[in-house]
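Asks: In the order they appear, the protein sequences are chains A and B. Numbering of the first sequence is given in full-length UniProt numbering, commencing with residue 1 and proceeding in unit increments. Numbering of the second sequence is given in full-length UniProt numbering, commencing with residue 1 and proceeding in unit increments.
There are 2 protein chains.
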Amino acid sequence: MMRTRPLKVALLGCGVVGSEVARIMTTHADDLAARIGAPVELAGVAVRRPSRVREGIDPALVTTDATALVKRGDIDVVVEVIGGIEPARTLITTAFEHGASVVSANKALLAQDGAALHAAAGEHGKDLYYEAAVAGAIPLIRPLRESLAGDKINRVMGIVNGTTNFILDKMDSTGAGYQEALDEATALGYAEADPTADVEGFDAAAKAAILAGIAFHTRVRLDDVYREGMTEVTAADFASAKEMGCTIKLLAICERAADGGSVTARVHPAMIPLTHPLASVRGAYNAVFVESDAAGQLMFYGPGAGGAPTASAVLGDLVAVCRNRLSGATGPGESAYAALTVSPMGDVVTRYHISLDVADKPGVLAQVATVFAEHGVSIDTVRQQGRQDGGGEASLVVVTHRASDASLTGTVEALRKLDTVRGVASIMRVEGE
Amino acid sequence: MMRTRPLKVALLGCGVVGSEVARIMTTHADDLAARIGAPVELAGVAVRRPSRVREGIDPALVTTDATALVKRGDIDVVVEVIGGIEPARTLITTAFEHGASVVSANKALLAQDGAALHAAAGEHGKDLYYEAAVAGAIPLIRPLRESLAGDKINRVMGIVNGTTNFILDKMDSTGAGYQEALDEATALGYAEADPTADVEGFDAAAKAAILAGIAFHTRVRLDDVYREGMTEVTAADFASAKEMGCTIKLLAICERAADGGSVTARVHPAMIPLTHPLASVRGAYNAVFVESDAAGQLMFYGPGAGGAPTASAVLGDLVAVCRNRLSGATGPGESAYAALTVSPMGDVVTRYHISLDVADKPGVLAQVATVFAEHGVSIDTVRQQGRQDGGGEASLVVVTHRASDASLTGTVEALRKLDTVRGVASIMRVEGE
């Protein structure tokens, strides 16, 4: 039963993702209509530079006045693919006020103001969908929100930034250093001219905040997410990882504490065993590994970015929101009923791989081991080797049992004060065992 | 805003999955209520043997009269985890007639009678959800039906049977033969006493029919699925696969033809490159690889069977169906609007790895090559080796370029007629390149 009056869609932004959304809406119009139960029509496209030629988009639809577009009153769904905080935030809330539902791909905004946006959507009885905001094309938010709705998620661990995965994969497979791998990523278009948001983990942290919120039914703010970039990962770290049967990935990890009463969210490079499904995620691909009480271990894999993949996620949301509008229903809103405490990084419990430069003389290992013991950090293995360079230095590689981040930090501070410890070459967490 | 009148759930079947569904409904009652917006109550449990002790289930709820239970009229959702065709089919249609929506884990029934069940659901304005019917806990049907609703899926290729993946993985990693690996699977509880449904591909074929229907918006009947089991895969095949940089998996493959006008669905063992994400799926895990126009390559990975994982999928559906009931909406029904032709196996185009036992004398290769050429099957590589056993026999391994199954079948028939070909040791398709 097909309704003939089309649903009207306003597109905010017409860059890489927006133009692909517009293209698919045109080329797959019949398919979309069949799936929704009514045709969808592109009713307006707000852009900053209207002079740019946009193939396949009727110039009469193009406007620079995004505010007027969302205020028109006849718009059913606003698709926001501008990115950034403002004007996206105001446009979205204005859209709700004027009767539209919203599909957004805006991770930064959702991570920072998700609660307020959800509240605005709820107040006006409208939908806010944002599958494209995390892990691009990979259906992830919907499975977490809906398929696992009857389960209890204990951990979400993911490679959610394609740029850094490309760089780390390159370092792993070629032995290249960070800068060399970054240069290649830039040359191939996988890294932006200013790669800070990616390599320093800001992008991944925003996604971690969104994922943690959905997984644990708890508000997790961007500030709650511990963040450590991957610019200091070295070829030597990869060599250490290989000796452990591991590789290194930049991971976003959202965990429920063992007692169930609190959660943590963090982004940092970590060693993971080569046998872990995340270890084989290559190039710019993303993957998210989910552990739950009943379902067990699940993984979702796919392209994390790019115009067409992101547009695919946007269109999936668009179909759902349009179907909701036709039936007069709304999809699941924000779910924060669990209201768990978000604990700081110091409470995180994991294992550590620590490389120390030490004096090559008797008794050093005993000193170092004493410091670990005093801080309650139990050592799993230790490996000591002379540097062979005649400088009287040796390296000591310590792998710990599980310990809190606070204990480890205390241990490292005390180690630095030892005369015999010349330096802490690297500290790397070990995950996924 | 919490409604206080509970939604009533009737559970049909209380075996491994059903008892886990009942357990989670009890232990996670508050969570479920928060996610749904109303409490859910187990209103009745239909079993065959009421005398069996069922921990945690109020004996007053247990009945042997499933028909009376679904006819009660006050049931909101019927959860069918009996399996098999009858009485499940009649109970489900009766449930729709008496006002209930249905969550089912019944792949055999969905594959055989999905269209009729969807029609019955639609006629009564009720939901029919069945995430648990394919790949257990892995959220797959919902992402395909909803997240990728704006995309065009071209291929679904999956490991959808855990028993056979366990056996093949064991053969690959230990060099064991089929029988030895099957015995271990049986001893560990991964294979049933009668493993026919698994090892002959019947189970996977049912899932392939369901997946193809959803992916291509086309009715695909169980009879449309080509099916070949994995009982004839040998240690020698694994040795051949290793030489190709491949492993062997039992795959369910649903493909859109290059011209877009028809689809095929098939289940058979195949070589896939070790670099393919499906190659690293170990043990009894399942994974489904999806290729679409916009999203690109996605993979969904997780446990394909087991009480708790399957219950997780059932509960995700239960939450969705309950939410739909509260809002007066229904989720997406059957989508068969594309109505594509389902082509027979002969139309499938892929590559082949063929091992021939041939006479060890000059001119054999030329004869064999001529037969391939006459049938329009182009040879990629050929490798000839003497048997070293002095019997005057050699083996010839041919890997073809892409060719239709019909051409390959014709080629093999003609090869068998050659005097110099003593036997066709194996034919294995090569996928995922």
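Glycine included, every Cβ here is placed at the ideal spot set by N, Cα and C.
State the DSSP-derived secondary structure class of LYS107(A), mapped to helix, strand or coil.
Replies: helix
Asks: By DSSP, does ALA338(B) sit in helix, in strand, or in coil?
Replies: coil
Asks: Determine which residues of the segment 145-159 of chain B have a Cβ less than 8 Å from any Cβ of chain A, and write them out in chain order.
Replies: GLU146, SER147, LEU148, ALA149, GLY150, ASP151 and LYS152
Asks: Taking the beta carbon of SER51(A) as the centre, do at least 16 other beta carbons fall within 10 Å, making it buried, or is it exposed?
Replies: Of the residues assessed, SER51(A) falls on the exposed side of the cut-off, its CB having fewer than 16 other CB atoms within 10 angstroms.
Asks: Check the C-beta distance from LEU315(A) over to ASP151(B) and give it rounded, since I have them as a contact under 8 Å.
Replies: 6 Å
Asks: Measuring from the CB of LEU211(B), is there a heavy atom of the ligand MG at a distance below 8 Å?
Replies: Of the ligands one can find in the structure shown there are none, so the ligand MG has no counterpart to examine.
Asks: Counting only the same chain and skipping the five closest in sequence on each side, list residues whose C-beta sits under 7 Å from that of THR94(A).
Replies: THR67, VAL70 and LYS71.
Asks: Report all residues from its chain with a CB closer than 8 Å to the CB of GLY376(A); omit the five preceding and five following residues, and keep chain order.
Replies: Cβ neighbours of GLY376(A) beyond the five flanking positions: ALA403 and SER407.
Asks: Quick one: does MET299(B) have its CB under 9 Å from some CB of chain A?
Replies: Yes, because at least one Cβ of chain A sits closer than 9 Å to the Cβ of MET299(B).
Asks: Taking Cβ to Cβ, would you say VAL40(B) is nearer than 9 Å to THR63(B)?
Replies: no
Asks: Going by DSSP, what residue range makes up the beta strand (DSSP E) through TYR352(A)?
Replies: For TYR352(A), the enclosing beta strand (DSSP E) covers residues 349-359.
Asks: Cutting at 6 Å between CB atoms, please list the residues of its own chain near ARG282(A), excluding the five before and the five after it.
Replies: ASP169
Asks: Provide the residue(s) that pair with ARG227(A) in DSSP beta bridges, ordered along the chain.
Replies: VAL267(A)
Asks: For LYS107(B), count neighbouring C-beta atoms within 10 Å of its own C-beta (all shown protein chains included) and say buried if the count is 16 or more, exposed if not.
Replies: buried
Asks: Can you tell me which of the three DSSP states LYS170(A) falls into?
Replies: Three-state DSSP puts LYS170(A) in a helix.
Asks: So, for ARG219(B): in the same chain, excluding its five sequence neighbours on each side, which residues have a beta-carbon less than 7 Å away from its beta-carbon?
Replies: Taking C-beta separations shorter than 7 Å and ignoring five residues to either side along the sequence, the partners of ARG219(B) in its chain run ALA115, GLY213 and ALA336, following chain order.
Asks: Give a yes or no on whether the minimum CB-CB distance between GLY296(B) and chain A is below 9 Å.
Replies: yes
Asks: Under 8 Å Cβ to Cβ from ALA22(B), same chain only, skipping five residues before and after it: list those, please.
Replies: LEU11, CYS14, LEU42, VAL45, ARG54, GLY56 and ILE57
Asks: Just to make sure I have the definition right: I need the residues of chain B whose C-beta is within less than 9 Å of the C-beta of ARG142(A). Which are they?
Replies: PRO139, ARG142, PRO143, GLU146 and SER147
Asks: Nearest to LEU396(B) by alpha carbon, out of THR409(B), GLU374(B), GLY363(B) and ASP405(B)?
Replies: Looking at THR409(B), GLU374(B), GLY363(B) and ASP405(B), the one whose alpha-carbon comes closest to that of LEU396(B) is GLY363(B).
Asks: Flag this pair as yes or no: are the beta carbons of ARG155(A) and ARG227(A) separated by less than 9 Å?
Replies: For the pair ARG155(A) and ARG227(A), the CB atoms are not nearer than the 9 Å cut-off.
Asks: Give me, in chain order, the residues of the same chain whose beta-carbon lies closer than 8 Å to that of LYS249(A); leave out the 5 immediate sequence neighbours on both sides.
Replies: Residues ILE159, ASN165, LEU168, PRO269, ALA270, ILE272, LEU278, ALA279 and VAL281 of the same chain have their beta carbon placed closer than 8 Å to that of LYS249(A), with the five preceding and five following residues left out of the count.
Asks: Going straight from the alpha carbon of LEU32(B) to that of MET428(A), what length do you get?
Replies: 39 Å
Asks: When Cβ atoms are compared, which residues of the segment 250-271 of chain A fall closer than 9 Å to chain B?
Replies: none
Asks: Hey, how far is the Cα of ALA205(A) from the Cα of ALA132(A)?
Replies: 16 Å
Asks: Taking just the CA atoms, how far does ALA119(A) sit from ALA308(A)?
Replies: 30 Å
Asks: GLY99(A) versus chain C: which residues are under 9 Å apart at the beta carbon?
Replies: Chain labels in this structure do not include chain C; the protein chains are A and B.
Asks: Please classify ARG49(A): is it buried, with 16 or more other beta-carbons within 10 angstroms of its beta-carbon, or exposed?
Replies: exposed
Asks: Counting C-beta neighbours from all protein chains within 10 Å, is the total for HIS217(A) 16 or more, i.e. buried, or is it exposed?
Replies: Result: buried.
Asks: Specify, as a first and last residue, the run of the alpha helix (DSSP H) that CYS322(B) falls within.
Replies: Where CYS322(B) is concerned, the enclosing alpha helix (DSSP H) stretches over 307-327.
Asks: Buried or exposed: LYS361(B), going by 16 or more other Cβ atoms within 10 Å of its Cβ?
Replies: exposed
Asks: Taking only the alpha-carbon atoms, compute the straight-line gap between HIS124(A) and GLY328(A) and give it to the nearest angstrom.
Replies: 13 Å
Asks: What in chain B is Cβ-close to ARG325(A), meaning under 9 Å?
Replies: Near ARG325(A) there are no residues of chain B at all, since even the closest Cβ is about 11 Å away, more than 9 Å.
Asks: List, in order along the chain, the chain B residues whose C-beta lies closer than 9 Å to that of GLY316(A)?
Replies: PRO143, GLU146, SER147, LEU148, ALA149, GLY150, ASP151 and ALA295
Asks: Once DSSP output is grouped into helix, strand and coil, what is the label at LYS242(B)?
Replies: helix
Asks: Tell me GLY44(B)'s beta-bridge partners as DSSP assigns them.
Replies: ALA10(B)
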